[in-house]
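Student: Start counting the sequence shown at 1493; every next residue gets the next number (the working numbering).
I have a structure I would like to understand better, so I am pasting it below and will then ask my questions one at a time.
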Amino acid sequence: VHGNAAQGGGSSPSGAQRGTVGGGRPRGGGGSGLRAQVSGVQKQRRLAANARERRRMHGLNHAFDQLRNVIPSFNNDKKLSKYETLQMAQIYISALAELLHSP
């Protein structure tokens, strides 16, 4: 349903809608304060996991850059998105396979 009333923008929002943002969570970081109780070990694990994820994404992005360099493209001004790169790679591989199988 579209409109202000369905989104809590009506003339008299209910108490449940006041003081919440988006998904109904309280504003201002209120809550039980569990975040302040995170131990040093948990923080180190989280930092290590974040570093692993950054390395993983860096490697993935590097692989996409290498793939973009070997796929012929018609518009060299614009960098292809990951999705577009995969689509172009699929088309290119199919064209090469067809070329190999043609007499």
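Glycine included, C-beta positions come from ideal geometry on N, C-alpha and C.
Small disclaimer: the values here were computed from a predicted structure and weren't measured.
#1: Please tell me whether Phe1566 has its Cβ less than 7 Å away from any Cβ of chain D.
#2: Between which two residues does the alpha helix (DSSP H) holding Phe1556 run?
#3: Compare the C-alpha of Asn1553 against each of Asp1569, Leu1578, Leu1591 and name the closest.
#4: Would you report the Cα separation of Leu1588 and Ala1581, rounded to the nearest angstrom?
#5: Where Leu1576 and Ser1531 are concerned, what is the direct C-alpha to C-alpha distance, given to the nearest angstrom?
#6: Quick one: grab the DSSP three-state call for Lys1574.
#7: Three-state secondary structure (DSSP) at Ser1565?
Tutor: Well, looking at it:
#1: Here chain D cannot be found, since the structure has a single protein chain.
#2: If you number the sequence shown from 1, residue 1556 lands on position 64. In the DSSP annotation of this structure, the continuous segment of the alpha helix (DSSP H) that includes Phe1556 starts and ends at 1532-1562.
#3: Taking the first residue of the sequence shown as position 1, residue 1553 is located at position 61. Minimum Cα distance to Asn1553 is reached at Leu1578.
#4: Translated into positions along the sequence shown, residue 1588 becomes position 96. Translated into positions along the sequence shown, residue 1581 becomes position 89. If you draw a straight line from the Cα of Leu1588 to the Cα of Ala1581, it comes to about 10 Å.
#5: For this step, residue 1576 is matched to residue 84 along the sequence shown. For this step, residue 1531 is matched to residue 39 along the sequence shown. Residue 1576 is actually Glu in this sequence, not Leu. Inter-residue distance for Glu1576 and Ser1531 is about 43 Å (C-alpha atoms, whole angstroms).
#6: Within the sequence shown, numbered from 1, the residue matching residue 1574 stands at position 82. Assignment of Lys1574 by DSSP, reduced to helix, strand and coil, places it in the helix class.
#7: Locating residue 1565 in the sequence shown gives position 73, counting from the first residue. Collapsing the DSSP output to three states places Ser1565 in coil.
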